[in-house]
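Engineer:
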Amino acid sequence: MRRGLRVLAAGLTAGLAVAGAMTAEAAAAADDGSGPVATPPATPAVQTVSGVAANGVQLTLTLPRQLPVDLPGRQLAGREIDVTAKDTAGQGYTGAVDTTLTAEGGGVTRMPLRVERYDADTADWRPVPVGPAVGTSLNVSVQVAVPAGGSQQVRLRVSPGTTVLDDVKVAAAANGATAVGTAPVTEPTFRADGLTAAVQAGTPLVVTGRLANPTDVDYAHVPVKLYLKACPQTGKCFGAADIKLEAQVGGSWQTVPVDADPSVTGGVSGTVFPDLALPAGGSVQLTARMTLNSGTAAVNPVPLGFGPIGLTIADRQSTGGTLTVQPVAAPTPTATSTTSPSATPSDSASSPSDPASSATGTPTATPSATPATATAATPDTALDGAPVAAGTPSASTGSASATILVAAGLFAVCLALVLWFVLMKRRERLAAAAAGHGADHDADDEV
Numbered sequence: 042m043r044r045g046l047r048v049l050a051a052g053l054t055a056g057l058a059v060a061g062a063m064t065a066e067a068a069a070a071a072d073d074g075s076g077p078v079a080t081p082p083a084t085p086a087v088q089t090v091s092g093v094a095a096n097g098v099q100l101t102l103t104l105p106r107q108l109p110v111d112l113p114g115r116q117l118a119g120r121e122i123d124v125t126a127k128d129t130a131g132q133g134y135t136g137a138v139d140t141t142l143t144a145e146g147g148g149v150t151r152m153p154l155r156v157e158r159y160d161a162d163t164a165d166w167r168p169v170p171v172g173p174a175v176g177t178s179l180n181v182s183v184q185v186a187v188p189a190g191g192s193q194q195v196r197l198r199v200s201p202g203t204t205v206l207d208d209v210k211v212a213a214a215a216n217g218a219t220a221v222g223t224a225p226v227t228e229p230t231f232r233a234d235g236l237t238a239a240v241q242a243g244t245p246l247v248v249t250g251r252l253a254n255p256t257d258v259d260y261a262h263v264p265v266k267l268y269l270k271a272c273p274q275t276g277k278c279f280g281a282a283d284i285k286l287e288a289q290v291g292g293s294w295q296t297v298p299v300d301a302d303p304s305v306t307g308g309v310s311g312t313v314f315p316d317l318a319l320p321a322g323g324s325v326q327l328t329a330r331m332t333l334n335s336g337t338a339a340v341n342p343v344p345l346g347f348g349p350i351g352l353t354i355a356d357r358q359s360t361g362g363t364l365t366v367q368p369v370a371a372p373t374p375t376a377t378s379t380t381s382p383s384a385t386p387s388d389s390a391s392s393p394s395d396p397a398s399s400a401t402g403t404p405t406a407t408p409s410a411t412p413a414t415a416t417a418a419t420p421d422t423a424l425d426g427a428p429v430a431a432g433t434p435s436a437s438t439g440s441a442s443a444t445i446l447v448a449a450g451l452f453a454v455c456l457a458l459v460l461w462f463v464l465m466k467r468r469e470r471l472a473a474a475a476a477g478h479g480a481d482h483d484a485d486d487e488v
């Protein structure tokens, strides 16, 4: 039991290691200029939240409807969050507007947001420092001077970076007035099936995945790879020749090249889908299959990874699994048929005597109709002359016996007809001869 748990834990750890390697390659793909290209909307959709006025001040939040994550190694422009302070008492307001940004999500322990503030004096965006002691919340305080009956705006830009969050909570406060809103964080998702399975060498294994894009960003040139980590740093590995990868494109299977992958120690990979388009709000269903040509590996189960490269996706662990590889199955011996092909009647045994010789009235011999004396037929010819596969009996024992009996009966009927015909001809000749002889005697008497 303990050994089984250790093996399972090792397999899961290896699978997560492959998923981690895919994350590292995602960043590398972005850094070298390859990989996905993201195109945000020109005018992102926004939402408005109005707070209750207090002490002559009312706050209004203008928030993006979503905050998409960055590509690994490629930053997207932050989405703007505006806080408008309005004088409602006709007295004006001079003081601070405090905006607190909180990153919300399971497992978040530090502030992952990238924050900028617009400086009206320099007409420029300036980064807001985020120290390590901030935690998951960051306060940005800006001094404003709201004229009587007027308003003033505090402008911020926020991005979640590459951290997958639930949302960013925004709480604004000024002179006792407050306003609170949230902006959900969005990212592409990928769900795979068939990554953890028992596979037999030589038998194809199909894996599927669904890549969805709930964001308002269009993605292009998205590659999807499949990884196998077949051995530790030393040991017998699966080489590229030991694995066959295929991708289903347009309803047909296309072979995908497999190469040694330096990002996965002792592993190989193949880009099963090199150039996917993923529009905003769209999705794509992916199907691939692999065939292992060997059942020998130093690591078993074999860690497996399948997913997009160059995207920050939710639930990265869903892209990893393990394959328990089994050797090629030994062929099962088949039972040998005991039916002898000699039971098939021959063409000569089923053929009647030559009609020409019977017409002379002197048949030379009467062939036997007994099935037991039938001559053995050639194994590759059936009764009707159709070719039969060599080594395959043309019929079962029962059907062969029935065929022999029918052939024997037909032969007997034909033989009886021939004999009857010969006897009738013979009687006619005898009658003719007797009539001729009687006529000769009458002629002699008359003389």
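Note that the working numbering has the sequence shown beginning at 42, numbered continuously upward.
Note that the Cβ used here is the ideal one computed from N, Cα and C, for glycine as well.
Straight-line CA distance for V183 to V138?
Structural biologist: Rounded to whole angstroms, V183 to V138 spans 5 Å at the Cα level.
Engineer: Are V248 and L319 close, meaning C-beta to C-beta below 8 Å?
Structural biologist: No, these two residues do not count as a Cβ contact at 8 Å.
Engineer: Using the C-alpha atoms, what's the distance from T163 back to V181?
Structural biologist: Taking the straight line from one Cα to the other gives about 18 Å.
Engineer: Please tell me whether V124 and L102 are closer than 8 Å, where the distance is taken between their beta carbons.
Structural biologist: Closer than 8 Å, so yes.
Engineer: Going by DSSP, what residue range makes up the beta strand (DSSP E) through V136?
Structural biologist: Here residue 136 is Gly; the residue named in the question, Val, does not match the sequence. It spans Y134 to E145 - the beta strand (DSSP E) in which G136 sits, taken as one unbroken run.
Engineer: What is the rounded straight-line gap between the Cα of Y159 and the Cα of G76?
Structural biologist: Approximately 32 Å, taken between the alpha carbons.
Engineer: Which residues bound the beta strand (DSSP E) around I284?
Structural biologist: Segment I284 to V290, the beta strand (DSSP E) holding I284.
Engineer: For the beta strand (DSSP E) that contains D356, what are its first and last residues?
Structural biologist: D356 -> no beta strand (DSSP E), and no H or E assigned at all.
Engineer: Can you tell me which residues form a DSSP beta bridge with Q295?
Structural biologist: BP columns for Q295 point to A288.
Engineer: What does DSSP give as the partner residue(s) for E121 in the beta ladder?
Structural biologist: Looking at the DSSP assignment, E121 forms a beta bridge with R198.
Engineer: What is the rounded straight-line gap between the Cα of L464 and the Cα of C455?
Structural biologist: If you take the alpha carbons of L464 and C455, they lie about 14 Å apart.
Engineer: Run through DSSP, which three-state label would R106 get?
Structural biologist: In this structure, R106 counts as coil in the three-state DSSP scheme.
Engineer: Report the three-state DSSP secondary structure of A397 (helix, strand or coil).
Structural biologist: Unreliable positioning characterises A397 in this predicted model, as indicated by a pLDDT of 40, which lies under 50. A coordinate reading is not provided.
Engineer: When DSSP labels each residue in this structure, what does E157 get in the three-state scheme?
Structural biologist: Here E157 sits in strand by DSSP.
Engineer: So what's L246 in DSSP terms, helix, strand or just coil?
Structural biologist: If DSSP states are grouped into helix, strand and coil, L246 belongs with the strands.
Engineer: Assuming A301 is part of the beta strand (DSSP E), what are its boundary residues?
Structural biologist: Unbroken beta strand (DSSP E) run through A301: D300 to D302.
Engineer: Within its chain, find whatever has a CB closer than 7 Å to the CB of V87; leave out the 5 residues flanking it on each side and keep chain order.
Structural biologist: Around V87: T103, L104, P105 and R106.
Engineer: Using only alpha-carbon positions, find the residue among F462, R330, P201 and A95 that is nearest to V149.
Structural biologist: Nearest option by C-alpha distance: P201.
Engineer: Does the region 280-298 touch the region 222-231, meaning 3 or more C-beta pairs lie closer than 8 Å?
Structural biologist: No, the region 222-231 is not in contact with the region 280-298.
Engineer: Residues in its own chain within less than 8 Å of T353 by CB, not counting five upstream and five downstream?
Structural biologist: If we look at T353 and ignore the five residues flanking it on each side, its Cβ neighbours are A67, V110, D111, L112, P113, T203, V205, E228 and P229.
Engineer: Check whether the Cβ atoms of L179 and V185 lie closer than 8 Å to each other.
Structural biologist: No; because the gap between Cβ atoms is not below 8 Å, this pair is not in contact.
Engineer: By a C-beta neighbour count over all protein chains shown, 10 Å radius and 16 as the cutoff for buried, is V209 buried or exposed?
Structural biologist: V209 is buried by the Cβ-count criterion.
Engineer: Just the Cα atoms here: how many angstroms apart are A355 and W294?
Structural biologist: Each residue's alpha carbon lies about 29 Å from the other.
Engineer: If you run the structure through DSSP and keep just helix, strand and coil, what is M331?
Structural biologist: Reduced to three states, the DSSP call for M331 is strand.
Engineer: If you follow the beta strand (DSSP E) that P188 is part of, which residue opens it and which one closes it?
Structural biologist: Careful: P188 lies outside any beta strand (DSSP E) and carries neither H nor E.
Engineer: DSSP state of V459, grouped into three classes?
Structural biologist: Of the three classes helix, strand and coil, the one that applies to V459 here is helix, per DSSP.
Engineer: I believe V156 touches L197 by the beta-carbon criterion, under 8 Å. Please report the beta-carbon distance rounded to the nearest angstrom.
Structural biologist: Yes, V156 and L197 are in contact; Cβ-Cβ is about 6 Å, under 8 Å.
Engineer: Taking C-alpha atoms, which residue in D283, A218 and E145 lies nearest to N96?
Structural biologist: Checked all of D283, A218 and E145; the closest Cα to N96 is A218.
Engineer: Using DSSP with H/G/I as helix, E/B as strand and the rest coil, what is A130?
Structural biologist: A130 falls in the coil class under three-state DSSP.
Engineer: What is the rounded straight-line gap between the Cα of F314 and the Cα of T328?
Structural biologist: Each residue's Cα considered, the two are about 10 Å apart.
Engineer: Tell me whether the beta-carbon of D128 lies closer than 8 Å to the beta-carbon of A83.
Structural biologist: Cβ distance not < 8 Å, so D128 and A83 don't count as in contact.
Engineer: Looking only at its chain, what residues have a beta carbon closer than 6 Å to the beta carbon of K266, apart from the 5 residues adjacent to it on each side?
Structural biologist: Excluding residues within five positions, the ones whose Cβ falls inside 6 Å are S310, T312 and I350.
Engineer: Out of T244, Q194, P153 and A214, which one is the CA nearest neighbour of P368?
Structural biologist: Of T244, Q194, P153 and A214, the residue nearest in Cα terms is T244.
Engineer: Please state whether DSSP places R467 in a helix, a strand or coil.
Structural biologist: Three-state DSSP puts R467 in a helix.
Engineer: My understanding is that D234 touches A321, with C-beta atoms under 8 Å, so please give their C-beta distance in whole angstroms.
Structural biologist: Contact flag wrong, Cβ pair sits at about 25 Å.
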